[in-house]
Each structure stands twice: as C-alpha cells, then as structure tokens.
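*Asks:* I am attaching a structure below and will ask some questions about it afterwards.
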Amino acid sequence: MESCDVLIVGGGPAGSSCAWQLRKNGMDVIVMDKALFPRDKVCAGWITPAVVEALQLDTEDYGLKNVLQPISSFRTGLIDGRDVETQYPGTVSYGIRRYELDDYLLQRSDARLQLGQPLKTLVKDGKQWIVNDAIATPLIIGAGGHFCPVARYMGAQLGADEPTITAKEIEFKMSPLQQFYCQVQGDTPELYFCQDLKGYGWCFRKGSYLNIGLGREDSHKLSEQLKYFCDFLKQRGRIPEDIPDHFHGHAYLLHGHAMRKQIDDGMLLIGDAAGLAYPQSGEGILPAVESGLMAAATIMEAAGDYSHAQLQIYSSRLTGRFGTVAASRGIAPEFLRNYIAGVLLESKWFTRHVVLDRWFLHTRQASLHAS
Ligand SMILES: Cc1cc2nc3c(=O)[nH]c(=O)nc-3n(C[C@H](O)[C@H](O)[C@H](O)COP(=O)(O)OP(=O)(O)OC[C@H]3O[C@@H](n4cnc5c(N)ncnc54)[C@H](O)[C@@H]3O)c2cc1C
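Those letters in the sequence shown? Residues 24 to 394, by my numbering.
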C-alpha cells in the first residue's frame, strides 16, 4: 500500500494550488484526477490580476508557450440593448485557456500525480483513509469540482437541493477567415446580460481562439437562450456566421447558495467542491486558488492533527475572505431585476464602477499572497 501526507482529489486550480503550497512546505502530496492532463474544462478562461498574484505566476514565462491575452477594456450591455465600452489605462485581466493553465499549474505543483484515476472507494481505518484500496493517508482534500466525490461522502446532495448556475460554452480555434470576420477584439471581452438579469452571455477572443457562452441561475430553456444570444452576436456582426454548434454544459454553486459542509475529521473541501464562486460574476478560479492556499496554511498549522476542531480555522478563513451567506442571490442583485436594469447598464458610470470594478474585477479587495 502506498502512503502520503495529504491526498488531493482533483487537479484543477484549487487542487494544484493547494498541492503547490504543501509541497513548498515539504509535505508528501498525491493529486489524483480522473482525467488525463492536459484536459478541457468548460470555462470562459477569464482571470484577474489577483489570480496571477496569488499563484505568483510568471506571466512572461507562462505567455511563452501558452495563450495569455491581456484585457484592458470591456464592451457590456443588455442583450438587444445599447452597449457601452469601458476602457482602463492598463491590463486589468487576462484571458487564458484552461486546457493550458490547469496543466501548467499541476505540473508546477511538484506533487505526485495519479492521473486518469477516479476516486472509487474511500474507507476509514482508524486515523487513516484508505483510497481505492491502494493509498493510505490521514487527510483527504476534496477538490473535484461541483460533483466532487469527497463532497458527496461528506453529505452534499449533489444536484438535488442545491440552487446551481448552469452554463454552456464553446471554445474553438478560428480559421483565418473567421478571424477576419470576428469583430470581438482580444483586449475587449464582451458581456451581455439577459433581459431578466438572471444571467449573462460572454464572448472572449484569446489569440486565435474564440470562447462564447451563457450562464444562468435557472437551466430553463438554456439552449434556446444561448441560440438567441449567438443570433444577437451575429446580427450585430460581432462573431462569424459559421461558428461550431457543439456547446458544452456545466453546473456549479455560487458562494452563499451552497449548504455544503467544508470540513470534517480528516477531510476538507476547496474550490467548486465547497461552492465558492463569486455570486455576481460566477468567477470561480480566484476562490478556487485562494481556498487551496488557505487550506494549505491550515494544514501546515495543524501539524498532523486533522480533527474537525483543528480544521475549523479553515472555515473561519473562508468566511473572513468571502463573507457569510452572500447578500445577493444570483448574478445580479434582486433590486435591479426587471426594473431600471436597462437604464443602469447603459450608464457609463454604473458599468465602470459597479458592474466591472465591483462585480467582476473586485478592485476593492486586497490580493491574497501565497507564502
Ligand atoms: C461555462 C463556465 C464559464 C466559467 N468561466 C469562468 C471564468 O471566466 N473565470 C473564472 O474565474 N471562473 C469561471 N468559471 C468557474 C470556474 O471554471 C470554476 O469555478 C473553477 O474551475 C473551479 O476550480 P476547481 O479546481 O475547484 O474545480 P475544477 O476546475 O472543476 O477541477 C476539478 C477536477 O476534479 C476532477 N475530478 C472530478 N471528479 C473526480 C473524481 N471522481 N475522481 C478524481 N478526480 C475528479 C476533474 O477531472 C477536474 O480536473 C466558469 C464556469 C463555467 C461552467
């Protein structure tokens, strides 16, 4: 039987960030993922500078072999409404491809990797967990995303009574002709809110790749709404007429909507497994990375005592960083809905200071630094 200090289930940004920190502190870590990397992940691939900072990502080195699209302005509005362009003096975000970023972070973590290996069995044997009848460890970290098997083991009713965001997207490499006809610019992603403000569509150009998607609080007629959104983009001449139609769907929880336990004896959840995405934007990479780092700090302090009481500090750290139950229940606060949304979203001041600075860029929140 193999053994390790910590076993992390899931090698996305949450799992790899946690592994990276633990390895820096000399712990023996295994990351197990059911997928072989590099792998695709349904995601628009927008990261803020806070992610770059928390990960201590060397953007020059990363950009040598990977797509790293600097973003310095946004085009926003309501679907079918008037749009507003907001420009910033410098880079305020980046576009990445999850196919590349997740693999880069996982390889960089220096953990032992067991890829193409799903978690099948989890049995408690005294103070140890026995995973897949093959690995013994005192601590399991659930980083398996929304449908994480560790979250299920801890009692989460996956897909049952949890109000999720459902989203569909496509990312494809444009042909030279498609690139010619695509009016969306790499440094200016486009975001268009649904008329009922229960979701929004986006269109991101990253180098020669185009990412188009729509996410909503309800999954009702999502495919129809997505088609409507794509038709809207085509009518405006923003995207080529001949985009592929094999969109991929995914669901996940927003922070404050989740009723999941975050810790238990010898267990802890991070990232989407814990349901931490920002409620206004649906951004989940930053909370995944930060929760991974906070979990690692807690584990180092615990010095081998992984009791529920000892791990409680992790929950306190999450609350300190992301707050308790979110004040808003959805992508946009309730008070806006079906009311003055159209007017506000055409206002340059509201778009810059509330929609972008506050909801999407979190300019008021200080970065979390890895040690
Ligand atoms: C359409 C869409 C667009 C999005 N766009 C953005 C965006 O632009 N910016 C942003 O910040 N966030 C975005 N998000 C959210 C973001 O993708 C997630 O919050 C983020 O991926 C969470 O990272 P994670 O590491 O917790 O989980 P994941 O990235 O989901 O990684 C989980 C890993 O666990 C593995 N796994 C699952 N089950 C098992 C198992 N049984 N055994 C072993 N391994 C397993 C999976 O293979 C996967 O590699 C978007 C989400 C969607 C759906």
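Where a beta carbon is used, it is the ideal one built from N, C-alpha and C, also for glycine.
1. Please list, in chain order, all residues of the same chain as S39 whose beta carbon is under 6 Å from its beta carbon, the five residues on each side excluded.
2. Does the distance from the CB of T160 to the CB of W152 come in under 8 Å?
3. Classify A296: buried if its beta carbon has 16 or more other beta carbons within 10 angstroms, exposed otherwise.
4. Report the option in Q335, V52, E76 and P302 whose CA atom is closest to the CA atom of K284.
5. For the candidate residues S314, A332, A134 and K191, whose alpha-carbon lies nearest to that of G343?
6. Identify the continuous beta strand (DSSP E) that holds K229 and give its terminal residues.
7. Can you tell me which of the three DSSP states I262 falls into?
8. Shorter than 7 Å, the distance from the beta carbon of H243 to the closest heavy atom of ligand 1, or not?
9. Have a look at L384 and G118 and give me their C-alpha separation to the nearest angstrom.
10. Closest to G178 by CA distance: which of C217, L80, L291 and R105 is it?
11. Closer than 6 Å by C-beta to L391: which residues in its own chain qualify, once you throw out the five before and the five after it? Chain order, please.
12. So, under 8 Å CB-CB, A134 and A311 are touching, yes? Tell me the CB distance rounded to an integer number of Å.
13. Answer yes or no: the CB of Y275 versus the heavy atoms of ligand 1, is any distance below 7 Å?
14. Going along the chain, which residues of its own chain have a beta-carbon closer than 7 Å to the beta-carbon of G104, five neighbours each way excluded?
15. In this structure, how does DSSP classify K244 when only helix, strand and coil are distinguished?
16. Considering only heavy atoms of ligand 1, does any lie closer than 7 Å to the CB of L233?
17. Just checking my contact of G86 with F227 at CB under 8 Å: how many whole Å lie between their CB atoms?
18. Mind the definition here: the stretch 27-36 touches the stretch 184-201 only if three or more C-beta pairs lie below 8 Å; say whether that holds.
19. Does the Cβ of R62 lie closer than 7 Å to at least one heavy atom of ligand 1?
20. Output the residue ranges of the alpha helix (DSSP H) runs that lie fully inside the stretch 108-196 and measure 4 residues or longer, sorted by chain position.
21. Answer with buried or exposed for E108, where buried requires no fewer than 16 other C-beta atoms within 10 angstroms of its C-beta.
22. Quick one: any contact between the stretch 194-210 and the stretch 228-235, if contact means 3 or more CB pairs under 8 Å?
23. Of the choices G305, R387, G100 and R375, whose alpha-carbon is the least far from that of C66?
24. According to the neighbour-count rule (16 or more other Cβ atoms, all chains shown, within 10 Å of its Cβ), is Q137 buried or exposed?
25. Could you work out which residue in P141, D156 and L142 is closest to D148 when comparing CA atoms only?
26. May I ask whether a heavy atom of ligand 3 can be found less than 7 Å away from the beta carbon of K229?
27. Quick check: what's the CA-CA separation for A277 versus L249?
28. Does DSSP put E306 in a helix, a strand or coil?
29. Can you name the start and end residues of the alpha helix (DSSP H) that R283 belongs to?
30. Name the DSSP bridge partner or partners of P93?
31. Name the DSSP bridge partner or partners of E25?
32. Please state the DSSP three-state secondary structure of D51.
*Replies:* On the basis of the supplied data:
1. Within the sequence shown, numbered from 1, the residue matching residue 39 stands at position 16. Closer than 6 Å at Cβ, skipping near neighbours: L128, L129 and S132.
2. Locating residue 160 in the sequence shown gives position 137, where the first residue counts as 1. Locating residue 152 in the sequence shown gives position 129, where the first residue counts as 1. Yes. Within cutoff.
3. Counting from one through the sequence shown, the residue named residue 296 turns up at place 273. That one is buried.
4. The sequence position of residue 284 within the sequence shown is 261, counting from 1. Out of Q335, V52, E76 and P302, Q335 has the C-alpha closest to the C-alpha of K284.
5. For the purposes of this step, residue 343 is identified with residue 320 of the sequence shown, where counting begins at 1. If we check each option's Cα against that of G343, S314 comes out closest.
6. Numbered from 1 along the sequence shown, position 206 holds the residue referred to as residue 229. Start and end: G222 to K229.
7. Sequence index remark: in the sequence shown, residue 262 carries index 239 (1-based). Three-state DSSP puts I262 in coil, outside helix and strand.
8. Sequence index remark: in the sequence shown, residue 243 carries index 220 (1-based). H243 Cβ: outside cutoff for every heavy atom of ligand 1.
9. On the sequence shown, residue 384 is found 361 positions in, with the first residue counted as 1. On the sequence shown, residue 118 is found 95 positions in, with the first residue counted as 1. Between L384 and G118, the C-alpha separation is close to 13 Å.
10. Stepping through the sequence shown from its first residue, residue 178 is reached at position 155. Checked all of C217, L80, L291 and R105; the closest Cα to G178 is L291.
11. As a first step, residue 391 is located in the sequence shown; it is residue number 368 there, counting from the start. Once the five neighbours on either side are set aside, the close Cβ partners of L391 are A77 and E313.
12. Residue numbering aside, residue 134 sits at position 111 when the sequence shown is read from its first letter. Residue numbering aside, residue 311 sits at position 288 when the sequence shown is read from its first letter. Actually they do not touch by this definition, with Cβ atoms about 16 Å apart.
13. Numbered from 1 along the sequence shown, position 252 holds the residue referred to as residue 275. Indeed, a heavy atom of ligand 1 lies less than 7 Å from the Cβ.
14. To locate residue 104, count along the sequence shown from 1; it is residue 81. Correct list, in chain order: G365, L368 and E369.
15. Within the sequence shown, numbered from 1, the residue matching residue 244 stands at position 221. Residue state, collapsed to three classes: coil.
16. Taking the first residue of the sequence shown as 1, we reach residue 233 at position 210. Flag unset: Cβ of L233 not near ligand 1.
17. What you label residue 86 is simply residue 63 of the sequence shown in a count that begins at 1. What you label residue 227 is simply residue 204 of the sequence shown in a count that begins at 1. Wrong, their Cβ atoms sit about 16 Å apart, outside the cutoff.
18. no
19. Walking along the sequence shown from the start, residue 62 turns up at place 39. R62 Cβ: within cutoff of ligand 1.
20. 121-131 and 172-176
21. Translated into the one-based positions of the sequence shown, residue 108 becomes position 85. E108 should be labelled exposed.
22. yes
23. For the purposes of this step, residue 66 is taken as residue 43 along the sequence shown, with counting starting at 1. Cα-wise, what sits closest to C66 is G305.
24. Looking up residue 137 in the sequence shown gives position 114. When all chains shown are included, Q137 counts as buried.
25. By one-based count along the sequence shown, residue 148 stands at place 125. Residue D156 is the option with its Cα nearest to D148.
26. Inclusion of ligand 3 in the displayed structure is not the case, the ligand content consisting of ligand 1 alone.
27. Position 254 of the sequence shown, counting from 1, holds the residue named residue 277. Position 226 of the sequence shown, counting from 1, holds the residue named residue 249. One detail in the question is off: residue 277 reads as Leu in this sequence, not Ala. Roughly 21 Å between the two C-alpha positions.
28. For the purposes of this step, residue 306 is taken as residue 283 along the sequence shown, with counting starting at 1. E306: coil per DSSP, three-state reduction.
29. On the sequence shown, residue 283 is found 260 positions in, with the first residue counted as 1. Looking at the DSSP string, R283 is not in any alpha helix (DSSP H), and its letter there is neither H nor E.
30. For the purposes of this step, residue 93 is taken as the residue at position 70 of the sequence shown. DSSP, once it has assigned bridges, lists Y117 as partnering P93.
31. Residue numbering aside, residue 25 sits at position 2 when the sequence shown is read from its first letter. E25 pairs with I158.
32. Residue 51 sits at position 28 when you count from the first residue of the sequence shown. It is coil, neither helix nor strand.
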